[in-house]
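Engineer: Residue numbers (numbering that gives the first Met the number 0): 0 to 358. Each residue gets a CB set at the ideal place from its N, CA and C atoms; glycine is no exception.
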Amino acid sequence: MSVRATVVKGGLWTSLSTGFNVLVQILRIAILTRFLDKSDFGVVAIVGMVLALCISLSDLGFSSVIMYKDSLSRKEFSSLYWIQAIVYICLFVAISVLSGPISHYYDLPVLKELIPIAALSLLALAMGKLYENILRKNFQFKSLSVRNIIVNVLSLILAVILAWAGYGVYSLIYSTLFQTVSFSLWNLISGYRIKPIVFYLSFKEVKGLVSIGMFQMYSGILDFLSNKVDILVMGKLLGTEALGVYDLAKNLAFRVSDYVRSVVAQVALPYITKDNTSNQVIVSRFLSVSKVLAFVLVPIIALLCIFSKEITLLMYGYNYLEIAPLISILALATLVNSMASLYDILGISKGRTDLNFKN
0 MSVRATVVKG GLWTSLSTGF NVLVQILRIA ILTRFLDKSD FGVVAIVGMV LALCISLSDL
60 GFSSVIMYKD SLSRKEFSSL YWIQAIVYIC LFVAISVLSG PISHYYDLPV LKELIPIAAL
120 SLLALAMGKL YENILRKNFQ FKSLSVRNII VNVLSLILAV ILAWAGYGVY SLIYSTLFQT
180 VSFSLWNLIS GYRIKPIVFY LSFKEVKGLV SIGMFQMYSG ILDFLSNKVD ILVMGKLLGT
240 EALGVYDLAK NLAFRVSDYV RSVVAQVALP YITKDNTSNQ VIVSRFLSVS KVLAFVLVPI
300 IALLCIFSKE ITLLMYGYNY LEIAPLISIL ALATLVNSMA SLYDILGISK GRTDLNFKN
């Protein structure tokens with residue numbers, strides 16, 4: 000099968016999986032708005048922000064390294080794997096210790112318990128995150144999609160059961176943790192068959208690869224600051240109820256655009272980085288991907304803006320009608336953000352992640 004045919008097939012599977020994932024996430028929130036208070040969603044937004052910062056710090060950009068380097072030796076991969084695992088573990092310990100000061104900053108004692116529980120997902124990511132990229136580089140889109148669908152369905156069922164049983168905000172935390180742990184372990188088992196790891200760590204051997212990844216990590220941190228600083232400020236100044244309303248609007252607007260962008264990016268990255276010695280080929284493939292993204296995304300954003308009130312009533316009910324104008328505004332912002340995010344692929348394709356950081 001040709002590369003283009005493989006990419007198209009992978010795109011179909013990724014579209015199905017990611018679309019199903021978005022649907023499950025939206026359904027989970029839509030159902031839980033019938034059980035939880037607005038302030039509960041604000042608390043979850045703060046926990047999610049803290050966790051997102053940890054993931055930005057611990058990623059180290061090794062996912063980009065795996066995509067960029069054509070042939071990664073077993074020892075090189077093992078070194079990258081254990082370096083990242085150590086970082087994930089250290090961040091888990093650090094964020095668990097800091098949960099007390101964070102709960103004091105927001106005057107929310109419940110954060111002291113919720114943050115360490117949610118942070119357990121970092122340990123799961125330490126096991127399976129890099130293997131997810133190994134599978135994606137080997138165009139294992141079907142297997143990734145199938146397990147993603149299964150895990151999301153089970154996570155949704157767990158969230159509804161816990162909410163019905165009166166677990167409140169914990170229903171969101173536990174179901175999300177279950178999803179991350181299950182998916183990561185599954186990727187570890189499958190990916191190990193393709194690229195087994197050994198107990199070997201040599202920073203000297205992968206120093207050049209780490210430098211490539213570090214710039215991607217810096218870019219990720221800046222992206223985090225630009226995307227999550229609103230949660231940081233609003234949670235402190237306006238309280239969890241106002242934050243919960245805002246975060247529901249933001250999540251709905253961003254999930255729709257992120258779905259399209261994620262599908263395109265996941266398939267485009269191995270497609271553009273394959274045979275990355277020719278700049279002409281890279282640019283041609285990049286332009287093709289950009290056109291596809293714009294063609295699909297613009298009509299969706301337009302519909303989201305026009306029918307924001309109806310969508311809000313359908314998803315959240317009359318109690319949340321106030322978020323409709325926010326959805327329209329944020330949807331337009333996601334369009335610009337989604338198109339601009341594709342440029343990172345160009346830097347990754349040439350091993351010049353420093354350009355992504357500078358831009």
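Measure the Cβ-Cβ separation of L325 and A241 and say whether it is below 8 Å.
Structural biologist: Contact flag unset, no.
Engineer: Quick one: grab the DSSP three-state call for G99.
Structural biologist: If DSSP states are grouped into helix, strand and coil, G99 belongs with the helices.
Engineer: Is the beta carbon of S307 closer than 8 Å to that of A332?
Structural biologist: Cβ distance not < 8 Å, so A332 and S307 don't count as in contact.
Engineer: Which residues mark the beginning and the end of the alpha helix (DSSP H) in which G316 is found?
Structural biologist: Counting along the chain, G316 falls outside any alpha helix (DSSP H), and DSSP gives it neither H nor E.
Engineer: Given this structure, state the Cα-to-Cα distance separating T179 from L153, to the nearest angstrom.
Structural biologist: If you take the alpha carbons of T179 and L153, they lie about 12 Å apart.
Engineer: Give the straight-line distance between the Cα atoms of G238 and I230, rounded to the nearest whole angstrom.
Structural biologist: Those two C-alpha atoms are separated by around 10 Å.
Engineer: Taking the alpha-carbon positions, what's the N355 to A164 distance?
Structural biologist: No answer about N355 holds up, because its pLDDT of 47 lies below 50 and its placement is not dependable.
Engineer: Using alpha carbons as the reference points, say which of R260, Y80 and I94 lies closest to G190.
Structural biologist: Comparing Cα positions, the closest option is Y80.
Engineer: What does a CB cutoff of less than 6 Å around S102 pick up in its chain, not counting 5 residues either side in sequence?
Structural biologist: Hits under 6 Å: P108, L110 and K111.
Engineer: Using the rule of at least 16 other Cβ atoms within 10 Å of the residue's Cβ for burial, across every protein chain shown, is N186 buried or exposed?
Structural biologist: Result: buried.
Engineer: When we look at the beta-carbon of I133 and count the other beta-carbons within 10 Å, is it buried (16 or more) or exposed?
Structural biologist: That one is buried.
Engineer: Tell me whether G99 is buried or exposed, calling it buried when 16 or more other Cβ atoms sit within 10 Å of its Cβ.
Structural biologist: Counting Cβ neighbours within 10 Å, G99 comes out exposed, since fewer than 16 surround it.
Engineer: Would you grab the beta carbon distance between D246 and A44 for me? Rounded to a whole angstrom, and I think it's under 8 Å.
Structural biologist: Rounded, the Cβ-Cβ distance is 4 Å, consistent with contact.
Engineer: Can you list the alpha helix (DSSP H) stretches of 4 or more residues lying completely in the region 150 to 232, in chain order?
Structural biologist: You should have 169 to 193.
Engineer: Return the residue from the list L286, L320, V23 and R73 that minimises the CA-CA distance to V197.
Structural biologist: That would be R73, whose Cα lies nearest to the Cα of V197.
Engineer: Compute the Euclidean distance between the alpha carbons of Y315 and R27, then round it to the nearest angstrom.
Structural biologist: Distance between the alpha carbons of Y315 and R27 is about 11 Å.
Engineer: Determine the direct distance from the alpha carbon of I85 to that of L31, and round the result to whole angstroms.
Structural biologist: Each residue's Cα considered, the two are about 35 Å apart.
Engineer: Going by the beta-carbon positions, is the gap between V23 and L155 smaller than 8 Å?
Structural biologist: Against a cut-off of 8 Å, the Cβ pair of L155 and V23 comes out as a contact.
Engineer: Alpha helix (DSSP H) containing R33: first to last residue?
Structural biologist: First-last for R33: undefined, no H or E at that position.
Engineer: Taking buried to mean at least 16 other C-beta atoms within 10 Å of its own C-beta, is K136 buried or exposed?
Structural biologist: So K136 ends up on the buried side.
Engineer: Report the rounded CA-to-CA distance for W12 versus N336, giving the unit in angstroms.
Structural biologist: Their backbone Cα atoms lie some 24 Å apart in a straight line.
Engineer: Do L184 and S120 count as a contact pair if the criterion is CB distance below 8 Å?
Structural biologist: For S120 and L184, no; Cβs fall outside 8 Å.
Engineer: Measure the alpha-carbon distance for I172 versus A123 and round it to whole angstroms.
Structural biologist: Cα-Cα distance, rounded: 15 Å.
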